[in-house]
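Everything on this sheet refers to the single structure shown next.
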Amino acid sequence: MSNLTYLQGYPEHLLSQVRTLIAEQRLGEVLQKRYPDTHNITTDKALYAWTQDLKSQYLRNAPPINKVAYDSKIHVLNNALGLHTAVSRVQGNKLKAKAEIRVATVFKNGPEAFLRMIVVHELAHLKEKDHNKAFYSLCCHMEPQYHQLEFDTRLWLTQMALSGQA
1 MSNLTYLQGY
11 PEHLLSQVRT
21 LIAEQRLGEV
31 LQKRYPDTHN
41 ITTDKALYAW
51 TQDLKSQYLR
61 NAPPINKVAY
71 DSKIHVLNNA
81 LGLHTAVSRV
91 QGNKLKAKAE
101 IRVATVFKNG
111 PEAFLRMIVV
121 HELAHLKEKD
131 HNKAFYSLCC
141 HMEPQYHQLE
151 FDTRLWLTQM
161 ALSGQA
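FYI, full-length UniProt numbering numbers position 100 of the sequence shown as 100, with every residue one higher than the one before it.
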């Protein structure tokens, strides 16, 4: 796989290391060694509770989250790993906004660290809408290994695509 779809934008020296791991058929082994365990957050209810715990720990003053769910319609290649949406509805003479977080279903069976990285990313959007310096600072505040986890998540998705699981 010379076209590393999930890793576009990363420096060539990293991509060449990834290509070497793929050529030696060791990428899956390296990831399995680094992230041996999966999580048990497999229902929308469990995901909502887990996300609320993270939110209350780091973002107490952020707007409330009304819904957190796994979404099988999110295709990780075309869209994103997760989505944060604000649904606005008119109720009487008031405009009510409800925040929703959706996570790609593929992460139901992945390592907890990857799920945490995605949820942290979507929670950060409660405070910062754009992917700017303040946004990534907030992500790193909630998850100090955020950037490494994002890269490793993309490696994991690459491995899944190579093995025909994505």
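Just so it is clear, CB atoms sit at the ideal spot from N, CA and C, and this is done for glycine as well.
Could you name the residues of the same chain whose beta carbon sits closer than 8 Å to that of residue i, not counting the 5 residues immediately before and after it, in chain order?
| i | result |
| --- | --- |
| N40 | A46 |
| V18 | L4, L7, L27, L155, T158 |
| H141 | Y58 |
Report the option in the options whose CA atom is closest to the CA atom of residue i.
| i | options | result |
| --- | --- | --- |
| L7 | S56, A124, R154 | R154 |
| T105 | A23, Q17, T43, N3 | T43 |
| L123 | Q52, D152, K73 | Q52 |
| K33 | F107, K73, S56, P111 | P111 |
| Y48 | E24, D71, F151, K129 | D71 |
Quick check: is the beta carbon of residue i nearer than 8 Å to any beta carbon in chain B?
| i | result |
| --- | --- |
| K108 | Within the model displayed, chain B is absent; a lone protein chain is all it includes. |
Can you name, in chain order, every residue of its own chain whose Cβ lies under 7 Å from the Cβ of residue i, other than the five neighbours on each side?
| i | result |
| --- | --- |
| P63 | A99, L126 |
| L15 | L4, L7 |
| M117 | E143, Y146, L149, E150, T153 |
Would you please state the rounded distance, in angstroms, between the beta carbons of residue i and residue j? I believe it to be under 8 Å.
| i | j | result |
| --- | --- | --- |
| W156 | F114 | 6 Å |
| V119 | L54 | 6 Å |
message: Using 8 Å as the cut-off, can you tell me whether the stretch 56-71 makes contact with the stretch 23-40, which would need three or more C-beta pairs spanning the two stretches below that distance?
response: no
- prompt: Hey, which unbroken runs of the alpha helix (DSSP H) at 4 residues or more fall wholly within the stretch 21-74?
  reply: 27-34, 44-58
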